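These protein sequence lines map, in sequence, to chains A and B.
Going by full-length UniProt numbering, the first sequence opens with residue 1, and the numbers climb by one from there.
Going by full-length UniProt numbering, the second sequence opens with residue 1, and the numbers climb by one from there.
We put the beta carbon where it would ideally sit given N, CA and C, even for glycine.
In this text, all values refer to a predicted model and were calculated from it rather than measured experimentally.
2 protein chains.
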Amino acid sequence: MSRERILLAGLAMVDEEGLAAVSMRKLARRLGVDPMSLYNHVDGKDALLDGIAEMLLAAIPAPPADPDLRETMSALAHGFRAAMLGHPRAAPLVLTRRLASITALAPVEAVLAPLLAAGYPPDRAVHGLRAVLAFLVGTLMREVEAAPTFGGAHRLAELERSGLPAVSAAAPYLAVCDHEAEFEFGLRIMLDALAEP
Amino acid sequence: MSRERILLAGLAMVDEEGLAAVSMRKLARRLGVDPMSLYNHVDGKDALLDGIAEMLLAAIPAPPADPDLRETMSALAHGFRAAMLGHPRAAPLVLTRRLASITALAPVEAVLAPLLAAGYPPDRAVHGLRAVLAFLVGTLMREVEAAPTFGGAHRLAELERSGLPAVSAAAPYLAVCDHEAEFEFGLRIMLDALAEP
DNA sequence: ACCTGAACACCGTTCAAGT
DNA sequence: ACCTGAACACCGTTCAAGT
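Here it is as structure tokens:
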């Protein structure tokens, strides 16, 4: 028994059965141990979920340093996305919890550093960070099915006869969602806006 | 007993005690009724939460028609924000659930219609809709404390001695978060990008 | 220091019985 | 058609007891 073994088993459980299926008792069973043993290494269910989120966050690779701001920011965004899509059912933990731990600051540093190096004043850099992050969180929540598609959950035929003119007109495009393309479309908007200080 | 009375009591309960505190049994107690009575009007806990989300969504006011696209989009975004901030603890229901109901299409129509009227081809209009929505979802999740601040959860002193250079340099700005200003900053980026088809 | 198991106070939902 | 209550199969966590 160790904290790490517990967190890894927890992540595996989320990956396989989904967040809603995770319980301390089932996790203990999976580890062949009494439920209460977990409490020696983890502070409770909430702390367990925080711990899993931190593992995911820590696994995001630091992209190679690049003198071009846009290149760096793009690589960071894609790295974050890849990490979340690697564990889609666990991603909401990262996208949804406020982590107090210091490891949660690594991605902040990764985004802030290139912005400051590019000449951004710190206040603008923080605004930029937060805008990009909001977009990333919103987009990724949608990708992992934890946020509304606002239309995507409906069938084409249903959209067409909704009685809503704009929805009907755009029905063929609403009915499908190419996450990759949507991600690039939105990311380009953010990166264009942050092109220079 | 009626579906509406149940949904209203459910919303009140979320407002007062938070999402995690909602249970079918407590809701029944609040209504002075047997827990199982609720099942005659609502399909279970998940359907109850969907129903509450739909109520919130339906309460978003339709802004007055304005020939200016930017004005219209801005009014829609602010209306959506106001509706979520009016029920911050319930907002994650809207921001987090995929509603299959037809009422979930009203906001889509509201955003799509002005974009089409402004000359957007339908495919571009849907991209624009999704990018704006992703930003709104991400920002509002942060505002209602359901998404990471990535830094905001930390104290100033802690940020300064984090050992991370960019984080230290920007610490005073990371330590505070003016949600209003962040919202306007990000929204402006999105609206600028959507200024013309 | 770590593990155990009984116990407490909860859950959502099924089902048979009532009116 | 709607309400009820017992019952089932779960929860997270406390606490006293063990090693």
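Pair within 8 Å by beta-carbon distance, residue i and residue j
i                 : j                 : result
Ala181 of chain B : Val137 of chain A : no
Arg98 of chain A  : Ala131 of chain B : no
Leu56 of chain B  : Val108 of chain B : no
Leu38 of chain A  : Ile6 of chain A   : yes
Leu19 of chain A  : Arg89 of chain A  : yes
Pro67 of chain B  : Ala169 of chain A : no
Leu112 of chain A : Leu133 of chain A : no
Arg29 of chain B  : Met13 of chain B  : no
Phe135 of chain B : Gly79 of chain B  : no
Alpha helix (DSSP H) segment containing residue i, residue limits
i                 : result
Asp192 of chain A : 179–193
Met55 of chain A  : 45–58
Ala90 of chain A  : It is not in any alpha helix (DSSP H) - Ala90 of chain A carries neither H nor E in the DSSP assignment.
Glu196 of chain A : No alpha helix (DSSP H) holds Glu196 of chain A; DSSP gives it neither H nor E.
Arg25 of chain A  : 24–31
Met1 of chain B   : Here Met1 of chain B belongs to no alpha helix (DSSP H), and DSSP marks it neither H nor E.
Ser168 of chain A : 165–169
Ala175 of chain A : No alpha helix (DSSP H) contains Ala175 of chain A, which DSSP labels as neither H nor E.
Glu145 of chain A : No alpha helix (DSSP H) contains Glu145 of chain A, which DSSP labels as neither H nor E.
Leu159 of chain A : 156–160
Closer than 7 Å at the beta carbon, the chain A residues around residue i
i                 : result
Ala147 of chain B : Leu95, Thr96, Val137
Ser162 of chain B : Ile102, Leu105
Glu17 of chain B  : What Glu17 of chain B touches in chain A: nothing, since even the nearest Cβ is about 17 Å away.
Given residue i as reference, the closest of the options once Cα atoms are compared
i                      : options                               : result
Ala75 of chain A       : A:Pro197, A:Glu184, A:Glu196          : A:Glu184
Val22 of chain B       : B:Thr149, B:Phe150, B:Lys45           : B:Lys45
residue 201 of chain B : B:Leu69, B:Glu54, B:Ala171, B:Leu48   : Coverage of chain B is limited to positions 1 through 197, which leaves residue 201 of chain B absent and any answer about it impossible.
residue 198 of chain A : A:Ala110, A:Leu174, A:Asp15           : Any question about residue 198 of chain A goes unanswered here, given that chain A covers just 1 to 197.
Ala171 of chain A      : A:His179, A:Pro165, A:Leu159          : A:Leu159
Leu194 of chain B      : A:Arg188, A:Pro197, A:Glu196          : A:Arg188
Thr72 of chain A       : A:Val94, A:Leu48, A:Cys177, A:Ala117  : A:Ala117
Val167 of chain B      : A:Arg3, A:Glu16, A:Leu115, A:Asp192   : A:Leu115
Glu54 of chain A       : A:Ala83, A:Arg29, A:Ala157, A:Ser37   : A:Ala83
Leu174 of chain A      : B:Gly10, B:Arg29, B:Arg124            : B:Arg124
Ala91 of chain B       : B:Ala58, B:Ala113, B:Asp66            : B:Ala58
Ser2 of chain B        : B:Gly51, B:Glu16, B:Val14, B:Lys26    : B:Gly51
Ser162 of chain A      : B:Gly186, B:Ile102, B:Phe135          : B:Ile102
Leu11 of chain A       : A:His87, A:Asn40, A:Val42, A:His41    : A:His87
Glu145 of chain A      : A:Val126, A:Arg155, A:Cys177          : A:Cys177
Glu4 of chain B        : B:Glu17, B:Ala47, B:Arg81             : B:Ala47
Val126 of chain B      : A:Ala106, A:Met24, A:Thr149, A:Phe135 : A:Thr149
Gly151 of chain B      : A:Pro165, A:Met36, A:Ala106           : A:Ala106
Glu143 of chain A      : B:Pro165, B:Leu164, B:Gly186, B:Thr96 : B:Thr96
Arg81 of chain B       : B:Gly32, B:Leu8, B:Asp192, B:His179   : B:His179
Ala104 of chain B      : A:Pro61, A:Ala62, A:Ala77, A:Leu164   : A:Leu164
Leu85 of chain A       : A:Asp15, A:Glu196, A:His41, A:Leu191  : A:Asp15
Ala100 of chain B      : A:Arg155, A:Val42, A:Arg25, A:Met24   : A:Arg155
Within chain B, the residues that residue i reaches when beta carbons sit closer than 7 Å
i                 : result
Phe185 of chain A : His127, Ala131
Gly151 of chain A : Leu105, Val108
Ile189 of chain A : Ala131, Ile189, Met190, Ala193
Leu49 of chain A  : Those do not exist, as Leu49 of chain A stays about 12 Å from chain B at its closest Cβ, beyond 7 Å.
Interface residues of chain A facing residue i [CB-CB closer than 8 Å]
i                 : result
Val167 of chain B : Leu105, Val108, Glu109, Leu112
Leu56 of chain B  : Ordered by position in chain A, no residue passes the 8 Å Cβ test against Leu56 of chain B, which lies about 12 Å from the chain.
Chain A contact residues for residue i, given Cβ-Cβ distances below 9 Å
i                 : result
Met141 of chain B : Leu95, Thr96, Ala134, Val137, Gly138, Met141, Ala147
Pro122 of chain B : Ala166, Ala169, Ala170, Ala171, Pro172, Tyr173, Leu174
Leu99 of chain B  : Pro148, Phe150, Ala153
Amino acids of chain B, ordered along the chain, whose beta-carbon sits closer than 8 Å to that of residue i
i                 : result
Leu116 of chain A : Ala166, Ala169, Ala170
Glu71 of chain A  : The contacting residues do not exist; Glu71 of chain A stays about 18 Å from chain B at best.
Ser4 of chain A   : For the sequence presented, residue 4 of chain A should be read as Glu rather than Ser. Per Cβ cutoff of 8 Å: no residues; Glu4 of chain A is ~23 Å from chain B at best.
Glu196 of chain A : Under the 8 Å cutoff, chain B gives no residues; its nearest Cβ is about 14 Å from Glu196 of chain A.
Glu180 of chain A : Result: empty, since nearest Cβ-Cβ is about 12 Å, beyond 8 Å.
Residue i beta carbon near the ligand GDP (any heavy atom closer than 7 Å)
i                : result
Gly44 of chain A : Ligands are entirely absent from the displayed structure, and the ligand GDP is therefore not among its contents.
key: Length at least 4, wholly inside the segment 95–138 of chain A: the alpha helix (DSSP H) runs in chain order   = 105–117
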